[in-house]
Ligand SMILES: *[C@@H]1O[C@H](CO)[C@@H](O)[C@H](O)[C@H]1NC(C)=O
């Protein structure tokens, strides 16, 4: 057998053996996380409550700059997701609120629960796919694509999303440029924004 074929068979065996070793591995976020996730919590201490996340209950205030409130049920907050390749988030929008342009390491499906939003993503050809979504509508944002949501209704809006990773990450484009340690002159060069606009945005995020 040639080398690629042998490697292929071993890869399959390795993934199968991994899949059948454990029913689940509730994470222990107090231990370091590796590329495969957290180490497992002691099975003797696991109860039903480990598999239940109650963090989506209740109302949200939307007072930040984007008039949103995002509740992430990723593996660090809901450790039963560890190793399962799935997670959720709740998105709340005040009137005029937005989830600004961002991406994850994963794909995402969204379902609107209250209000009316425009949701969309932009592909690597700079084509934008966006649509007005009403309650009950579902949209998918393919893996790693930049995407966004805008409340276009006259009421607050709420949506829930699910992502096919336990730790999908969340990278917000504008904060990544202006809320962190990127120097203003580099931000200007890599965006073509003016110095004044870069400084305005850095002040918005308290970094100038
Ligand atoms: C989200 O809403 C909760 C509940 O009202 C509030 O405690 C929290 O500070 C809000 N977070 C943000 C970022 O506004």
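Residue numbers (mature numbering (1 follows the signal peptide of the UniProt record, and there is no 0)): -19 to -1, 1 to 189. Ideal Cβ positions, reconstructed from N, Cα and C, are used throughout, including at glycine. Since we're looking at a predicted model, the values are computed, not measured.
### Message
On the DSSP bridge list, what partners appear for residue 8?
### Response
21
### Query
Is residue 160 helix, strand or coil by DSSP?
coil
### Message
Beta-carbon within less than 8 Å of residue 98's beta-carbon, same chain only, minus the 5 sequence neighbours each way: which residues are those?
### Response
74, 113, 114, 130, 131, 132, 133, 134, 138, 140
### Query
Can you tell me the Cα-Cα spacing of residue 172 and residue 31, whole angstroms?
44 Å
### Query
Which of helix, strand or coil does DSSP assign to residue 187?
coil
### Task
Could you spell out where the alpha helix (DSSP H) holding residue 167 opens and where it closes?
165 to 172
### DSSP-derived helix/strand/coil call for residue 182
helix
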